[in-house]
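Single-structure report; data block below.
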Amino acid sequence: MIDGKDKVSKIYKVLEDKKAYDIKILYIGDLTIVADYFVIATGSSDTHVKALTDEIEKKLMEDGVFVDHIEGYNWGKWILMDYGDVIVHIFQQPEREFYNLERLWADAKEIVLDNRI
1 MIDGKDKVSK
11 IYKVLEDKKA
21 YDIKILYIGD
31 LTIVADYFVI
41 ATGSSDTHVK
51 ALTDEIEKKL
61 MEDGVFVDHI
71 EGYNWGKWIL
81 MDYGDVIVHI
91 FQQPEREFYN
101 LERLWADAKE
111 IVLDNRI
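With UniProt numbering as the guide, the letters of the sequence shown map in order to residues 1 to 117.
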């Protein structure tokens, strides 16, 4: 089974490869029982946000990791993917600025990937 760190790394790579921008990883495991990590990224359009979501789901499924729940796909402005210990938020810029999860979770530790967590 793939652990949270490996999921985050794979998700990050997909987001980078598919040209998401402003990708942030927050470790929230010390602050809540909801998850261990938030991965937050921005796409440039409804189509881009959906494509990022589809590719994450496809790549993780290849490793036997299945999404528990997806919210907001039809809308395409903010899509949430729940992988249990990892929650992925893919926004368009106006929604990201409005909801400002980084401010809401300001006490979380930001993780910077250098090929490993």
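Yeah, the Cβ is synthetic: ideal placement off N, Cα and C, and Gly gets one too.
Helix, strand or coil for residue i, going by three-state DSSP, please let me know.
{"i": "residue 66", "result": "coil"}
{"i": "residue 32", "result": "coil"}
{"i": "residue 116", "result": "Residue placement at residue 116 cannot be trusted, given a pLDDT of 47 that sits under 50; the coordinates are not used to answer."}
{"i": "residue 76", "result": "coil"}
{"i": "residue 85", "result": "coil"}
{"i": "residue 41", "result": "strand"}
{"i": "residue 18", "result": "coil"}
{"i": "residue 105", "result": "coil"}
{"i": "residue 71", "result": "strand"}
{"i": "residue 110", "result": "strand"}
Contact check, residue i vs residue j under 8 Å by CB: the rounded distance?
{"i": "residue 25", "j": "residue 39", "result": "5 Å"}
{"i": "residue 56", "j": "residue 14", "result": "5 Å"}
{"i": "residue 85", "j": "residue 37", "result": "7 Å"}
{"i": "residue 73", "j": "residue 53", "result": "6 Å"}
{"i": "residue 89", "j": "residue 101", "result": "6 Å"}
Considering residue i, what are the terminal residues of the alpha helix (DSSP H) in which it resides?
{"i": "residue 2", "result": "From DSSP, residue 2 is part of no alpha helix (DSSP H); its letter is neither H nor E."}
Along the chain, where does the beta strand (DSSP E) containing residue i start, and where does it finish?
{"i": "residue 99", "result": "Residue 99 -> not in any beta strand (DSSP E); alpha helix (DSSP H) instead, spanning 93 to 99."}
{"i": "residue 22", "result": "21 to 27"}
Nearest chain C C-beta to residue i closer than 7 Å, yes or no?
{"i": "residue 6", "result": "Given the protein chain composition of this structure (a single chain), no chain C is represented."}
Query raised in the report: Three or more C-beta pairs closer than 8 Å, one from the stretch 60 to 76 and one from the stretch 15 to 23: is that the case here?
Result: no
**Report entry** Validate contact between the stretch 56 to 65 and the stretch 95 to 115 using beta carbons, cut 8 Å, 3 pairs
**Finding:** Too few Cβ pairs lie closer than 8 Å, so no.
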